[in-house]
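Read through the structure below, which is laid out as structure tokens, and then see the notes.
In the numbering used here, the protein residues as written are 397 to 676.
This is the structure in structure tokens:
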């Protein structure tokens with residue numbers, strides 16, 4: 397039987413995930429606690445999960461708005477020849493580095509972050525965490541993360557509809573869907589980011605946590621750069637994927653932390669509520 401988060405899982409190293417040191421964080425926590433107490437009749441588990449769902453939905457709306465804003469900013473950047481001015485020089489530099497062996501190796505690697513490879517990798521990672529920890533949390537967070545990532549990818553491509561780099565400068569197999577943002581980069585950033593967060597709660601040593609973060613960052617960075625190297629995306633597509641992916645990871649992690657905060661508050665306040673009821 398799968399269990400809920402345990403007290404040790406409410407920490408990453410010495411940091412308490414239910415503690416909110418910033419004013420914005422404290423305001424979010426207070427709002428979530430008020431909502432959780434209002435739903436206290438559902439129990440600590442039900443109230444906490446209600447807050448998780450509501451926070452994810454609200455955060456999802458914000459991130460979808462960010463996708464639309466990113467599309468507008470992208471168009472302005474292209475017109476001003478800002479960051480987009482690096483697109484062609486970076487692609488030309490990548491073309492100069494290619495060789496048949498390297499092209500094949502990078503193609504195999506980038507397939508790991510593709511529409512088949514990345515879901516399979518995320519599913520395997522989730523199964524390992526669930527079986528090893530006997531916890532339902534990895535399933536819940538990875539499903540939320542994947543749903544949001546897919547929605548952002550579809551919305552971004554529909555809003556911008558940017559053409560990919562010329563096929564003459566790309567390594568086959570060629571792709572025909574809109575280029576902005578890079579779906580490989582966005583999905584790799586989201587799923588890897590959430591997986592890293594889940595694992596960090598279980599790693600006790602500081603060196604181990606640093607290694608986990610470093611591995612996650614390396615995977616996300618190289619996955620994005622592989623898309624540029626192969627000529628499947630412009631650099632700005634990849635940068636947008638990183639930015640939107642990190643924003644959604646922040647939403648998912650915040651939603652989970654608020655869930656832990658509400659669950660802890662409802663659990664700790666239950667004896668006092670019962671005592672007041674007994675005296676009435």
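For each residue, glycine too, the CB sits at the ideal point set by N, CA and C.
Close-in-space but distant-in-sequence residues of the same chain around residue 637 (CB under 7 Å, 5 per side omitted): Here residue 637 refers to the residue found at position 241 when the chain shown is read from its first residue. Taken in chain order, the residues that qualify are 577, 578, 581, 582, 585, 620.
Rounded separation between residue 600 and residue 544 - CA only: What you label residue 600 is simply residue 204 of the chain shown in a count that begins at 1. What you label residue 544 is simply residue 148 of the chain shown in a count that begins at 1. The straight-line gap from Cα to Cα measures roughly 30 Å.
7 Å Cβ shell around residue 551 - same chain, five flanking residues per side excluded: Here residue 551 refers to the residue found at position 155 when the chain shown is read from its first residue. For residue 551, where only same-chain residues beyond five positions count, the Cβ hits under 7 Å are 460, 463.
Segments assigned beta strand (DSSP E), at least 3 residues, entirely inside the region 555-609: none
Other residues of its chain near residue 654: CB distance less than 6 Å, five sequence neighbours each side excluded: Numbered from its first residue, the chain shown carries residue 654 at position 258. Answer for residue 654: 428, 447, 451, listed in chain order.
Three-state secondary structure (DSSP) of residue 399: Position 3 of the chain shown, counted from the first residue, corresponds to residue 399. Of the three classes helix, strand and coil, the one that applies to residue 399 here is strand, per DSSP.
For residue 643, the nearest candidate out of 610, 589, 660 (CA to CA): Looking up residue 643 in the chain shown gives position 247. The shortest Cα separation from residue 643 among 610, 589, 660 belongs to 589.
C-alpha distance - residue 433 paired with residue 411, whole-angstrom precision: Taking the first residue of the chain shown as position 1, residue 433 is located at position 37. Taking the first residue of the chain shown as position 1, residue 411 is located at position 15. Cα to Cα, the separation comes out at about 25 Å.
Inter-stretch contact at 8 Å, needing at least 3 Cβ pairs: the region 496-503 / the region 590-597: no
Residue 622, DSSP secondary structure in three states: The residue given as residue 622 occupies position 226 in the chain shown. Helix.
Length of the line joining the Cα atoms of residue 660 and residue 641: Taking the first residue of the chain shown as 1, we reach residue 660 at position 264. Taking the first residue of the chain shown as 1, we reach residue 641 at position 245. If you take the alpha carbons of residue 660 and residue 641, they lie about 29 Å apart.
Whole-angstrom distance between residue 611 and residue 484, CA atom to CA atom: Here residue 484 refers to the residue found at position 88 when the chain shown is read from its first residue. Here residue 611 refers to the residue found at position 215 when the chain shown is read from its first residue. In a straight line, the C-alpha of residue 484 is about 29 Å away from that of residue 611.
Burial state of residue 397, where buried means 16 or more other Cβ atoms lie within 10 Å: Here the question's residue 397 lines up with position 1 in the chain shown. The residue is exposed, with fewer than 16 neighbouring Cβ atoms inside 10 Å.
Delimiting residues of the alpha helix (DSSP H) encompassing residue 628: Start at 1 with the first residue of the chain shown, and residue 628 comes out as number 232. That residue, residue 628, is in no alpha helix (DSSP H); it is neither H nor E in DSSP.
Residue from 482, 539, 651, 605 with nearest C-alpha to residue 624: Mapped onto the chain shown, residue 624 falls at position 228. Closest by alpha carbon: 482.
Backbone CA spacing between residue 518 and residue 658 [nearest angstrom]: Here residue 518 is taken as the residue at index 122 of the chain shown, counted from 1. Here residue 658 is taken as the residue at index 262 of the chain shown, counted from 1. Distance between the alpha carbons of residue 518 and residue 658 is about 28 Å.
Whether residue 488 touches residue 575 by CB criterion (7 Å): The residue labelled residue 488 in the question sits at position 92 within the chain shown. The residue labelled residue 575 in the question sits at position 179 within the chain shown. For residue 488 and residue 575, no; Cβs fall outside 7 Å.
Residue 496, DSSP secondary structure in three states: Position 100 of the chain shown holds residue 496. Residue state, collapsed to three classes: helix.
Three-way DSSP call (helix, strand, coil) for residue 660 in this model: Stepping through the chain shown from its first residue, residue 660 is reached at position 264. DSSP places residue 660 in helix when its eight states are reduced to three.
Residue environment, residue 572, which counts as buried when at least 16 other CB atoms sit within 10 Å: Residue mapping note: residue 572 aligns to position 176 of the chain shown, counting from 1. The residue in question, residue 572, is exposed, as its Cβ has fewer than 16 Cβ neighbours within 10 Å.
Member of 527, 526, 546 whose CA lies at the smallest distance from the CA of residue 512: By 1-based counting over the chain shown, the position of residue 512 is 116. Of the candidates 527, 526, 546, the one whose C-alpha sits nearest the C-alpha of residue 512 is 546.
Beta-carbon proximity of residue 536 to residue 627, cut-off 7 Å: On the chain shown, position 140 is the one that residue 536 refers to. On the chain shown, position 231 is the one that residue 627 refers to. No, they are not a contact pair.
Counterpart residues of residue 412 in DSSP-defined beta bridges: Translated into positions along the chain shown, residue 412 becomes position 16. Per DSSP, 407.
For residue 656, the nearest candidate out of 631, 424, 614 (CA to CA): Taking the first residue of the chain shown as 1, we reach residue 656 at position 260. With distances taken between Cα atoms, residue 656 lies closest to 424.
Inter-residue spacing [alpha-carbon to alpha-carbon] between residue 507 and residue 597: Locating residue 507 in the chain shown gives position 111, counting from the first residue. Locating residue 597 in the chain shown gives position 201, counting from the first residue. Distance between the alpha carbons of residue 507 and residue 597 is about 29 Å.
Residues of its chain near residue 529, where Cβ-Cβ distance is below 8 Å and the 5 sequence neighbours each way are ignored: One-based indexing of the chain shown puts residue 529 at position 133. So the list reads 598, once near-sequence residues are dropped.
With 16 other Cβ atoms within 10 Å as the buried cut-off, status of residue 399: For this step, residue 399 is matched to residue 3 along the chain shown. With fewer than 16 Cβ atoms within 10 Å of its Cβ, residue 399 is classed as exposed.
Residues near residue 408 by beta carbon distance below 6 Å, same chain, minus five either side: Numbered from its first residue, the chain shown carries residue 408 at position 12. Taken in chain order, the residues that qualify are 596, 597.
C-alpha distance - residue 617 paired with residue 635, whole-angstrom precision: On the chain shown, position 221 is the one that residue 617 refers to. On the chain shown, position 239 is the one that residue 635 refers to. Cα to Cα, residue 617 sits roughly 10 Å from residue 635.
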